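Novice:
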Amino acid sequence: MTAAVIHRGFVEKTLTSLLHALERASSSERLAEQRGLLQHVDARVKLLGCLALIVAAAVSRHLDTLTLLFAAIAILALVSRVPLHLLTRAWAIIFVFTAAIALPALFTTPGQSIATVAGIPVTLQGLRSAAFLVDRVESATTLGLVLISTTPWPQIIAALRSLRVPAAVVLIIGMTYRYIFVLLRSAEEMFIARRSRSIGRLEGAVRRRMATATAGVLLGKALALSDEVYLAMQARGFRGEVRTLEELRMRGRDWTAGALFTAAAIVAFWQGLR
Amino acid sequence: MSDSLFDVRGVTFSYDGVPALGGIDLSILRGERVALLGANGSGKSTFLRLLDGLDFAQSGTIDFDGRTLTPGQLDDSSFAHDFRRRVGLVFQNPDVQLFNATVFDELAFGPLQIGWSSDEIRTRIDAVMESLDIARLAARPPHRLSMGEKKRVAIASVLVIHPEVLLLDEPTAALDPRSQSEIINLLSGWSGGTRTAVTATHDLSIVEDIADRCVVFESGRVAAVGTPREIVQNEELLHRTGLLHAHRHRHESGVVHSHPHLHRHGDHHH
Amino acid sequence: MHIPDGYLSPSTCAVLYAGAAPFWAVALRRLQRRLAGRFVPMLALVAAFSFVVMMFNLPLPGGTTGHATGVALATIVVGPAGSIVALSVALLIQALFFGDGGITAYGANCLNMAIVGSLVAWACYRIIAGRAPLTSRLRVVAAAVAGYLAINASALCAAVEFGIQPMLFRDALGTPLYAPYPLHIAVPAMMIGHLTFAGAAEAVLSAGVIAYLQRTNVGLLRDTAPGAVEDASLPAIDVLRPLWLALGALMVLTPLGLLAGGAAWGEWSARDLADPAARARIVAVSGSAPLPSGVPHGLAGLSTVWTAPLRGYAPPFLQSTALGYALSAMFGAGLVLLTVFAIRGMLLKARAR
Ligand SMILES: Nc1ncnc2c1ncn2[C@@H]1O[C@H](COP(=O)(O)OP(=O)(O)OP(=O)(O)O)[C@@H](O)[C@H]1O
Ligand SMILES: [Mg+2]
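Residue numbers (our numbering), protein chains in the order written: chain A, 4 to 277; chain B, 3 to 272; chain C, 7 to 359.
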């Protein structure tokens, strides 16, 4: 790594990841408002349904069941209009990442040797184990992607609320999501300002101080904002007790979707544990 | 019972020993529309927070409808409930005012706290969204609203409980002329009978539309009280309190000259 | 260190959810009692801050960059209960919305990062900083150590969770069904990265931000420093400081002991206290507070207490050296915490009388 690359390092990289987060959020927010199969289904049904399938993928002891389940999930994603390029990109990234983690297991897992690579034996058990890991992670991640790409965030919040997560916690979660964007923007502004002020190479200690001072300013801002928000909540009558509106109503198609999810999960469990 | 709704006597307030208000005396009458004018840092927001019972006078008293606002008084749940449903404050910063995940949740927050029924809340939210033209924003999270939309939602979040007293902190700041005039229309309709409004602003161009009486703040004190016309025409006062400044313009003819003006920087296009 | 879905068996996940639940309940109850409604916006903003700060690329000594979780920072500013809830919320949003960390593994991630992380950070910070003035350098050091140990304790928990998978969950052929590496691979693989880069990032962030707050916003440090000496010119006297420091040193050595393999780390750390060079290091790290001369008696005895019983009585599948170490270390950390809190509690009671 050259000095220039290292310097580009923290400000640029941080800015990139901040912008990336903002972009990702707004693209999935837009996606969730599109019309596909799952977009029409009650958020609670989707949340529990996806969770059941993730658990089904997690308990499966057979690679064939797991692979079929993955195929089914992929189809579900496509009919819900999760864009193919988004899916393939996620699959590729996860594959590379998980395979890299699982690769040494081919050699380290004790068992029946089926081949040798560079003189080291590869075991059947190691290979199968790596396949299990990749298959499971791909299935679960795809389900997660399906869930967030078809469910606007406010509905996820409403779903959590009606699934008996304490109201105060749900309020905190919603508020956190709200203020992540405010703080992302302030962090972005600070980094942009610092980038333009710091042309040339800075010493390590200076760069560190700059990064931590930015974090310090942000923390101060966050806490000052929280004091003001508390006042704003009090101004509207908040006295410590969180009240919420019942918002979600199950309709016919939600029950149908729920039944389908349940059936799929039961089949997957049964086949996975056979 | 007197006709004054808020009675403010000798009120001081300081932040960690730094004074922000230094002895305010003022009465706000029932049904009156008051504009608080003052330069940045003159204490307008602080004063509104005190009127709303969020902070408390360190000396002096503020009475609301005959009852003195104290921490103890606002801990009393029946008084707090009554006070919160009668008085609403719109904060200057929409990032503070809008703390919920969506516009709909934002509008539901106040009514839920004061214990309305779900049906009542829904009907009322629909009506307010209709009147402020924000119905299409209901499911949006606040970070996907423009500044003007945020301001409108912020005002809606308070109007939804139908308060008797509306406290507004810079409702038109950072708005384009069209959104600004929409808000002004809204406020100029807010009058008559028992509806009271106190608006903090440093925008002289709007005071005649939104207020019957102006109170000019200067470094935490009341520098002058008068009708909007009297205040706006008192150039010496406006200069002294930082509400007006000589400004150099380059006109289309290329002539550069200075003159005082009544508009914010963003407003003029030559 | 966000564990995705698929690495841990559902039963492990369920156990870890169950393990996390009481901490959430207690933390929420405490917050509600102490702060009334104020905890809602406060935790939301701290959670949002943690989320954003996790994206910061921190320049590390040596020219690389790394990410931190900010767990020690959150703990120092809002206390352990607040930090547990705030980080759990940040992790939930990461899992549900950004796909970082699994949904079934959410309980595990909370337990590792939010709960263990906050508690370890809290214990280290309070022990090392003691009653030092709010602007003392000692607090910066304490924050660095707290961050470093917290992230390593979290990593260790994750490594142990990974490492027990192939022992417990295999199919008929002996194929590991989940994370494929046993403890003796998982623990070092996980810890090497955390003892170096991730630990350094966490230490840099915690120390840097605390130092910054000391200069600009010292009020934020007040809540978690009860009894801090107000006047910086007065020495912060705490009779038990040497003991705190010794216990802190033990915790520092815990993860190192794991990697050293073979030697019982209790003995080793006791030796360390007797070794002049190591003593000098500890003294330097602890802001020049004097160490007790020699090794405290209790310490020498204490150091074998929690390694011994496990060795003898562990069930067969736990009879691996690495697991023994890992569990000893975890029990060790737990015992250290318990001891510290017990002594502290007794002291406070005695003082109140
Ligand atoms: N939270 C705070 N902590 C410390 N000082 C504050 C705080 N809020 C306001 N002040 C100070 O109090 C004084 C009055 O501030 P205030 O916000 O009431 O003014 P304002 O008239 O609303 O100004 P602006 O037009 O800029 O909104 C200022 O000097 C300001 O610096
Ligand atoms: Mg103001």
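Think of the CB as a built atom: it goes at the ideal place given N, C-alpha and C, for glycine as much as any other residue. A quick note: this is a predicted structure, and the numbers were derived from the prediction, not measured.
Determine whether the Cβ of B/Ala22 lies closer than 7 Å to any Cβ atom of chain A.
Specialist: By this cut-off, B/Ala22 is not an interface position.
Novice: Where does B/Leu91 sit, in a helix, a strand or coil, going by DSSP?
Specialist: B/Leu91: strand per DSSP, three-state reduction.
Novice: Within 10 angstroms of its Cβ, does B/Gly68 collect 16 or more other Cβ (buried), or is it exposed?
Specialist: Classification for B/Gly68: exposed.
Novice: Hey, would you say A/Thr215 sits closer than 7 Å to C/Val215, going by beta carbons?
Specialist: Yes. Within cutoff.
Novice: Please list the residues of the stretch 233-259 of chain A that have a C-beta atom closer than 8 Å to any C-beta atom in chain B, keeping them in chain order.
Specialist: From the stretch 233-259 of chain A, only Leu234, Ala235, Met236, Gln237, Ala238, Arg239, Gly240, Phe241, Arg242, Arg246, Thr247, Leu248 and Glu249 have a Cβ closer than 8 Å to chain B.
Novice: Terminal residues of the continuous alpha helix (DSSP H) containing A/Ile57?
Specialist: First-last of the alpha helix (DSSP H) with A/Ile57: Ala46 to Val62.
Novice: Could you say if the stretch 37-55 of chain C and the stretch 232-243 of chain A meet the contact criterion of at least three C-beta pairs nearer than 8 Å?
Specialist: Touching, yes, given that three or more Cβ pairs across the two stretches are closer than 8 Å.
Novice: For A/Ser260, I'd like the list of residues in its chain whose CB is within less than 6 Å of its CB, leaving aside the five on either flank, ordered along the chain.
Specialist: Note on identity: in this sequence residue 260 of chain A is Ala, with Ser being the wrong assignment. Excluding residues within five positions, the ones whose Cβ falls inside 6 Å are Val44 and Val48.
Novice: Going straight from the alpha carbon of A/Asp257 to that of A/Ala162, what length do you get?
Specialist: Taking the straight line from one Cα to the other gives about 13 Å.
Novice: Note the first and the last residue of the continuous alpha helix (DSSP H) segment covering A/Phe135.
Specialist: Start and end: Leu127 to Thr153.
Novice: Tell me the rounded alpha-carbon separation between A/Gly275 and C/Asp177.
Specialist: Taking the straight line from one Cα to the other gives about 12 Å.
Novice: Around ligand 2, what residues have a beta-carbon under 7 Å from a heavy atom of it, in chain order?
Specialist: Checking every Cβ against the heavy atoms of ligand 2 under 7 Å gives B/Lys46, B/Ser47, B/Gln94, B/Asp171, B/Glu172 and B/Ala202.
Novice: With a cut-off of 7 Å, does the C-beta of A/Gly39 fall near any C-beta of chain B?
Specialist: Cβ-Cβ to chain B under 7 Å: no for A/Gly39.
Novice: A/Gly39 and C/Tyr218: beta carbons closer than 7 Å?
Specialist: The answer is no: Cβ separation not under 7 Å.
Novice: Alpha carbon to alpha carbon, how far is B/Ala176 from C/Ser15? Give it in angstroms, no decimals.
Specialist: Answer to the nearest angstrom: the Cα atoms are 54 Å apart.
Novice: Between A/Ile104 and chain B, is the shortest Cβ-Cβ distance under 7 Å, so that the two count as touching?
Specialist: No, A/Ile104 does not count as interfacial toward chain B.
Novice: Closest Cβ-Cβ distance between B/Gln235 and chain A: below 7 Å?
Specialist: Not closer than 7 Å to any Cβ of chain A, the Cβ of B/Gln235 fails to qualify, so no.
Novice: Keeping to the same chain, check which residues put their C-beta closer than 7 Å to that of A/Ala60; ignore five residues upstream and five downstream.
Specialist: Leu69, Leu72, Arg139, Ser142 and Ala143.
Novice: Quick one: Cα of C/Ala120 to Cα of C/Val77, how far?
Specialist: C-alpha separation (whole angstroms): 7 Å.
Novice: Quick check on C/Val58: does DSSP put it in helix, strand or coil?
Specialist: Here C/Val58 sits in helix by DSSP.
Novice: Distance check for A/Leu51 and B/His145, CA to CA, integer angstroms please.
Specialist: Their Cα atoms are separated by approximately 28 Å.
Novice: CB-CB under 6 Å to B/Gly25, same chain, minus the five flanking residues each way: which ones, in chain order?
Specialist: Around B/Gly25: Gly12 and Thr14.
Novice: Spell out a yes or no on whether the stretch 93-111 of chain B and the stretch 58-73 of chain B are touching, meaning 3 or more CB-CB pairs, one atom from each, closer than 8 Å.
Specialist: With the cut-off at 8 Å, the stretch 93-111 of chain B and the stretch 58-73 of chain B do not touch.
Novice: How many angstroms separate the CA atom of B/Pro143 from the CA atom of B/Leu39?
Specialist: Spanning the two alpha carbons is a distance of roughly 33 Å.
Novice: Cβ of C/Asn223 versus every heavy atom of ligand 1: is any distance shorter than 6 Å?
Specialist: Flag unset: Cβ of C/Asn223 not near ligand 1.
Novice: Can you give the Cα-Cα distance for C/Ala161 and B/Arg88, rounded to whole angstroms?
Specialist: The straight-line gap from Cα to Cα measures roughly 53 Å.
Novice: Just curious, the alpha helix (DSSP H) that B/Gly62 is in, first and last residue?
Specialist: First-last for B/Gly62: Ser61 to Phe66, but that is the beta strand (DSSP E), not the alpha helix (DSSP H).
Novice: Let me make sure I understand the geometry here. Which of A/Val168, A/Leu248 and A/Ala74 has the alpha-carbon closest to that of B/Asp107?
Specialist: The residue with the shortest Cα to Cα distance from B/Asp107 is A/Leu248.
Novice: Work out the CA separation of C/Val32 and C/Ile90 for me, nearest whole Å.
Specialist: Rounded to the nearest angstrom, the two C-alpha atoms are 10 Å apart.
Novice: Just the C-alpha distance for C/Ala26 and C/Gly113, rounded to the nearest angstrom, thanks.
Specialist: The straight-line gap from Cα to Cα measures roughly 6 Å.
Novice: Quick one: grab the DSSP three-state call for B/Phe8.
Specialist: Here B/Phe8 sits in strand by DSSP.
Novice: Helix, strand or coil for B/Glu166, going by three-state DSSP, please let me know.
Specialist: Note: B/Glu166 maps to coil in three-state DSSP.
Novice: Run through chain A and tell me which residues come within less than 9 Å of C/Val77, C-beta to C-beta.
Specialist: Within 9 Å Cβ-Cβ: nothing; C/Val77 doesn't reach chain A, min ~13 Å.
Novice: With 7 Å as the threshold, decide whether the Cβ of B/Ile116 is near any Cβ in chain A.
Specialist: With 7 Å as the cut-off, B/Ile116 counts as an interface residue toward chain A.
Novice: Please check if any C-beta of chain C sits within less than 7 Å of the C-beta of A/Val44.
Specialist: Not one chain C Cβ lies under 7 Å of A/Val44.
Novice: Can you find a heavy atom of ligand 1 that lies under 6 Å from the Cβ of A/Gly223?
Specialist: Not so, every heavy atom of ligand 1 lies at least 6 Å from the Cβ.
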